Amino acid sequence: MIARQYAQDLLNFIDESPSPWHAVASIEKIIQSFQFVKLDETIRWQLNTGGRYYVVRDDSSIILFVIGKRMIAESGFKIVGAHTDSPGFRIRPNGATSSNGIARLSVEIYGGPILPTFTDRDLSLAGRVSFIDHHGKLARKLICFEQSLLRLPNLAIHMNRGVNEDGLKLHKQNELPLLFAQLVDEQLPQHYFATLLKQIADLDAAQILSWDLAVYDTQKGVFWGANQEFIANSQIDNLASCHAALQAMLTESSLNDAESTLVCALFDHEEIGSKSYIGAAGSFLSDTLQRISFSTTSDQEDNVRAMANSFLISADMAHAYHPNFPTAYDSDHKVFVNKGPAIKSNANRRYSSESISIAQFIQWCEAVDIPYQRYTHRSDLPCGSTIGPIASAKLGIRSVDIGCPMWAMHSVRESAGVQDHEYLIRVLHYFFDNKAQ
Ligand code: CO
30 MIARQYAQDL LNFIDESPSP WHAVASIEKI IQSFQFVKLD ETIRWQLNTG
80 GRYYVVRDDS SIILFVIGKR MIAESGFKIV GAHTDSPGFR IRPNGATSSN
130 GIARLSVEIY GGPILPTFTD RDLSLAGRVS FIDHHGKLAR KLICFEQSLL
180 RLPNLAIHMN RGVNEDGLKL HKQNELPLLF AQLVDEQLPQ HYFATLLKQI
230 ADLDAAQILS WDLAVYDTQK GVFWGANQEF IANSQIDNLA SCHAALQAML
280 TESSLNDAES TLVCALFDHE EIGSKSYIGA AGSFLSDTLQ RISFSTTSDQ
330 EDNVRAMANS FLISADMAHA YHPNFPTAYD SDHKVFVNKG PAIKSNANRR
380 YSSESISIAQ FIQWCEAVDI PYQRYTHRSD LPCGSTIGPI ASAKLGIRSV
430 DIGCPMWAMH SVRESAGVQD HEYLIRVLHY FFDNKAQ
């Protein structure tokens with residue numbers, strides 16, 4: 030029962046988070062009732078032992094932390110890292126065009142989505158706009174078109190006879206613009222789109238200077254399967270791990286009795302390599318950890334000791350075994366939905382796990398009596414990566430890469446197991462709570 034509640038809560042969280050900017054706003058909303066203090070990076074921080082804080086960088090990366098009772102140099106940081114972004118489409122600045130009365134929005138591809146999954150879906154737009162406010166100042170706000178607004182209709186099979194044999198191939202420049210309106214002759218598509226933005230943002234169109242707009246699928250999350258043992262939604266990779274990290278932190282014991290300093294670090298830009306000032310390869314996490322450390326000691330030696338005593342769990346989704354494609358997997362490292370989090374390892378360090386961090390994670394799984402699985406990618410396929418190797422290298426912190434198995438990673442409609450989500454929350458909670466290390 031509890032697993033189903035967590036899964037329902039996850040589906041709601043995703044439905045309320047159609048873009049990485051909205052995901053961070055959803056997290057801020059969730060923690061409102063937990064007395065977290067929002068910190069501004071431009072202002073000097075005053076931090077107290079036992080205090081709960083968070084800091085947002087550029088609206089789509091967020092770090093939450095609870096300062097533990099023990100000296101940070103001795104107990105270190107316990108960090109769970111994940112990412113707020115998902116692959117898909119971003120609207121180009123001058124993206125609105127029309128031909129034969131049909132207005133379209135041209136897109137850039139963000140990360141590595143499975144392009145054909147975006148066809149024939151009820152798509153819409155979510156993101157943020159920058160504008161000049163009534164006082165002449167630069168301001169920004171989140172916007173979301175709730176209703177279905179955009180579509181990428183398939184070409185009928187009568188004009189694409191080979192589609193079932195050759196697969197659906199979409200030309201990335203020419204065949205991805207999304208249909209969004211039928212215009213009468215005198216309407217200019219750029220102006221028409223600007224008016225739409227103005228309406229949804231409740232602003233004067235002349236004031237909107239720029240935007241970041243992601244395409245999202247308006248279909249809500251569902252349970253499926255004969256026993257409703259699976260979930261489907263967009264962005265399960267990796268909002269599921271963000272949600273699990275948050276649930277693990279928002280418990281009585283983590284919030285009130287933390288000995289070590291607990292950190293949830295949720296980054297944008299993982300899907301495009303993390304290299305940005307808000308991504309895991311940027312300075313956001315190291316800046317934040319240093320400032321926490323500096324708030325308790327001015328001793329540089331202690332700051333380095335704090336890092337040496339720290340541990341990072343990089344939580345990101347794993348590839349569940351798909352029975353229709355048995356040859357896609359290493360036959361000895363299949364991981365299954367609802368059989369526990371997968372520990373991901375890779376000899377070339379596409380994942381950060383090594384034998385010691387793996388052994389520690391196994392101990393924690395055993396302590397809370399949940400199953401775990403071991404995953405390695407096939408050698409004849411390039412392996413994906415996560416924030417794990419990037420963040421742990423940058424910080425000098427031991428790390429393990431783990432995550433719940435899922436199907437159809439990077440489809441606009443992904444699926445995963447109900448039970449796994451609860452397993453993950455339990456082990457992350459134990460990691461935060463465990464007084465032993
Ligand atoms: Co991911």
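According to this note's numbering, numbering within the sequence shown proceeds without interruption in unit steps and concludes at 466.
Note that beta-carbon positions come from the ideal geometry of N, C-alpha and C, so glycine has one too.
Model, not experiment: these values are computed from the prediction.
(request) Measure from the alpha carbon of L76 to the alpha carbon of each residue in G97, D231, T280 and G311, then state which is nearest. (result) G97
(message) Whole angstroms are fine: how far does the CA of Q392 sit from the CA of D398?
(response) 10 Å
(message) With H, G and I counted as helix, E and B as strand and the rest as coil, what does DSSP make of R378?
(response) coil
(request) Check each candidate in I143, E175, S159 and Q176 and name the one with the smallest Cα separation from A168. (result) S159
(request) Leaving out five residues on either side along the sequence, give the residues of the same chain with a beta carbon under 6 Å from the beta carbon of F415. (result) Looking at the sequence provided, one finds Thr at residue 415 rather than Phe. Closer than 6 Å at the Cβ level, and outside the excluded window around T415, lie S343, D345 and D430.
(request) Could you name the residues of the same chain whose beta carbon sits closer than 7 Å to that of E451, not counting the 5 residues immediately before and after it, in chain order? (result) I31, A32 and Y35
(request) Note the first and the last residue of the continuous alpha helix (DSSP H) segment covering F222. (result) P218 to A230
(message) Quick check: what's the CA-CA separation for S382 versus E443?
(response) 25 Å
(request) Please name the residue in I101, I59 and F63 whose C-alpha comes closest to that of S324. (result) I101
(message) Let's test the definition: count the other Cβ atoms within 10 Å of the Cβ of D266 and tell me whether it reaches 16, buried, or not, exposed.
(response) Burial check for D266: the Cβ neighbour count within 10 Å reaches 16 or more, so the residue is buried.
(request) Kindly list the residues whose CB is nearer than 7 Å to the CB of D88, restricted to its own chain and excluding five residues on each side of it in sequence; keep chain order. (result) W50, V53 and R157
(request) Confirm, please, whether the CB-CB distance from A274 to P218 is below 7 Å. (result) no
(message) The beta strand (DSSP E) that contains H112, what's its start and end?
(response) F106 to H112
(message) Please classify S153 as buried or exposed, where buried requires at least 16 other C-beta atoms within 10 Å of its C-beta.
(response) buried
(message) Counting beta carbon pairs with one atom in the stretch 407-425 and one in the stretch 371-380, are three or more of them shorter than 8 Å?
(response) yes
(request) Mind checking who A132 pairs with in its DSSP beta bridge? (result) Answer is S127 and A210.
(request) Have a look at P145 and A111 and give me their C-alpha separation to the nearest angstrom. (result) 26 Å
(request) Keeping to the same chain, check which residues put their C-beta closer than 7 Å to that of L212; ignore five residues upstream and five downstream. (result) Result list for L212: S127, G130, A132, P218 and Y221, in chain order.
(request) Quickly, what does DSSP pair Y82 with across the bridge? List them, please. (result) V66 and F94
(request) Answer yes or no: the CB of N267 versus the heavy atoms of ligand 1, is any distance below 6 Å? (result) yes
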